[in-house]
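Below is one structure; the comments refer to it alone.
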């Protein structure tokens, strides 16, 4: 195994370690919150998470993909890396101000937001602090160990604050407070490491630099917003339609599904900068043949033990989440090929636009589907879950068609 493959294996290991942290710590706090807060207040947290996911997407603006690509190309040029890092942060600060204005308007003119104004303001602070985390830098230069150690420590702080501050349903506002604590630790640890190891050079940036980076990221931003149309938007719309206690059922099933999917995403995340540089398409084929059968077998098992899992993880009162979780299992099955056929493979082929277009077409299909479900009176947790799977099939099909045309003969 040559050096690039060794580096890929090392970064994949650290990404998995980071995802295990993202998996284990929520497994500690998730059951605790469902029990202590109860379905009513946990439903508020579910809705808040969905709303803040949109603000997070806006603040991220696709930089995690566009800036990662740039950092990978200029990994030996510390001055350019500094320009990219500070230019992106400057751009994110501008976006954070715009986001704050939108949130203030929502909290003052929307009844749904107004009753939880303090909760949303605190949650936004925790979300906005992430603008100072240059994850794209570490992904681009393939130094994933730094991200992993930071995530481990910040997750520990968040978990400790959840257990230390939240003891009954009225303490739900401490959930975003715990998020703020974890974010502060993340920022401090990240920048101490950057300055100590001098990964970048301090450099001046201009508004034109930031605008240029925003322009590069805009296509990715549209793509990520499109993806959210058939993920996060589901929770937001269902939260507007169903009471908090019922939304908690969808939220628990969705959280468990996302935990499974996050165990798959490190493969795609680590291989993206590697593929941009090395274009090893045979490796992608091998990964799918190795991991996909394991994923399918795991989903079959989860289907049968879903009642036991829901009862153990969430406690009493969440049995209604079992059929919802079962309806979401196909999303786990299709995740790996969809991820790998996206930015890793299409990016290596110079077909990034196709990856973006695929999710835009998928989001259009999904929005139309949501309108149809609403007007025929069949919008339910299960119908929305199945619609989401159909959307993922469309995204995968568009990507797969391009890959067949361009690289099937090479692998």
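In our numbering, the protein residues as written are -16 to 394.
For every residue, glycine included, the Cβ atom is placed at its ideal position computed from N, Cα and C.
Since the structure is predicted, the reported quantities are computational estimates derived from the model, not experimental observations.
In the DSSP annotation of this structure, the continuous segment of the alpha helix (DSSP H) that includes residue 87 starts and ends at 61 to 92. Between the segment 300 to 310 and the segment 339 to 347 there are fewer than three C-beta pairs closer than 8 Å, too few to call the two in contact. By the Cβ neighbour-count rule, residue 145 is buried, with 16 or more other Cβ atoms within 10 Å of its own. The continuous alpha helix (DSSP H) containing residue 159 extends over residues 157 to 180. Per the Cβ contact rule, the segment 160 to 180 is not in contact with the segment 45 to 53 (fewer than 3 Cβ pairs under 8 Å). Cβ contact annotation for residue 365 (same chain, cutoff 8 Å, sequence separation greater than five): 306, 307 and 310, in chain order. For residue 11, same chain residues with a beta-carbon under 7 Å away, outside a window of 5 residues either side, are 142 in chain order. Rounded to the nearest whole angstrom, the CA to CA distance from residue 288 to residue 240 is 14 Å. Taking residue 23 as the centre and dropping the five residues before and after it, the same chain places the C-beta of 227 and 228 closer than 6 Å to its C-beta, in chain order.
Using a C-beta cut-off of 8 Å, the segment 315 to 333 makes contact with the segment 264 to 282, since at least three inter-stretch Cβ pairs fall below that distance.
In the three-state scheme derived from DSSP, where H, G and I count as helix and E and B as strand, residue 183 is classed as coil. Excluding the 5 residues flanking it on each side, residue 223 has same chain C-beta neighbours closer than 8 Å at 95, in chain order. Straight-line measurement puts the Cα of residue 71 at about 23 Å from the Cα of residue 162. A distance of 9 Å or more separates the beta carbons of residue 93 and residue 215.
Inclusion of residue 82 and residue 111 in the CB contact set at 9 Å is warranted, their separation being smaller than that value.
Separation of the CB atoms of residue 219 and residue 264 is rounded to 38 Å, and the pair is thereby denied contact status at 8 Å. Put simply, the segment 122 to 141 does not touch the segment 192 to 203. Fewer than three CB pairs are less than 8 Å apart.
Sequence-distant Cβ neighbours of residue 58 in its own chain, meaning closer than 8 Å and more than five residues away, are 64, 123, 124 and 125. If you check the CB distance, residue 19 and residue 151 come in under 9 Å. Excluding five sequence positions before and after residue 321, the CB atoms of its chain that fall closer than 8 Å to its own CB belong to 375, 378, 379 and 382, given in chain order. Scanning its chain for C-beta atoms nearer than 6 Å, with the 5 sequence neighbours on each side dropped, one finds around residue 235 the residues 297, 301 and 304, in chain order. When the beta-carbon positions are compared, residue 158 and residue 106 come within less than 9 Å of each other. Between residue 202 and residue 325, the alpha-carbon positions lie close to 14 Å from each other.
Rounded to the nearest whole angstrom, the CA to CA distance from residue 155 to residue 98 is 13 Å.
Around residue 294, the same chain offers 301 and 302 as residues with beta carbons nearer than 8 Å, after the five sequence neighbours per side are excluded. Counting along the chain, the unbroken alpha helix (DSSP H) around residue 122 starts and ends at 118 to 123.
If you look at residue 352, you'll find it in the alpha helix (DSSP H) that goes 335 to 358. Taken through DSSP and simplified to helix, strand or coil, residue 388 comes out as helix. With at least 16 other beta carbons inside 10 angstroms of its own, residue 193 counts as buried.
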